[in-house]
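Enquirer:
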Amino acid sequence: MTKSSSTQSQQDCQAKMINEANNQYRGSEDVDSRGALRNWLAVRFLYQRRSEP
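Counting from 6, one number per residue, gives the positions in the sequence shown under my numbering.
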């Protein structure tokens with residue numbers, strides 16, 4: 006697997022996780038700048054844990 010395709014698959018996975026997280030928050034009145042930042046940090050944390058070997 007080339008480095009570029011590996012990076013692309015990681016970006017696709019991260020984008021999918023962000024979309025799923027956003028879908029969970031959709032419709033909630035708690036969506037503000039702090040909520041979005043907290044959501045982003047949570048997704049980033051989960052992504053880093055999942056990417057560990």
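Glycine residues also receive a C-beta, built at the ideal position from the N, C-alpha and C atoms. Predicted model only: the values in this text are computed from it and were never measured.
Let me check understanding here. Comparing Cα to Cα, which of Ser56, Ser11, Ile23 and Asn28 lies closest to leucine 46?
Expert: Among Ser56, Ser11, Ile23 and Asn28, the Cα nearest to that of leucine 46 belongs to Ile23.
Enquirer: Hey, would you say glutamine 16 sits closer than 9 Å to serine 56, going by beta carbons?
Expert: In this structure, serine 56 does not lie closer than 9 Å to glutamine 16 by Cβ.
Enquirer: Report all residues from its chain with a CB closer than 7 Å to the CB of glutamine 19; omit the five preceding and five following residues, and keep chain order.
Expert: For glutamine 19, where only same-chain residues beyond five positions count, the Cβ hits under 7 Å are Tyr52.
Enquirer: By how many angstroms is the C-alpha of threonine 12 removed from the C-alpha of arginine 43?
Expert: One C-alpha to the other measures close to 25 Å.
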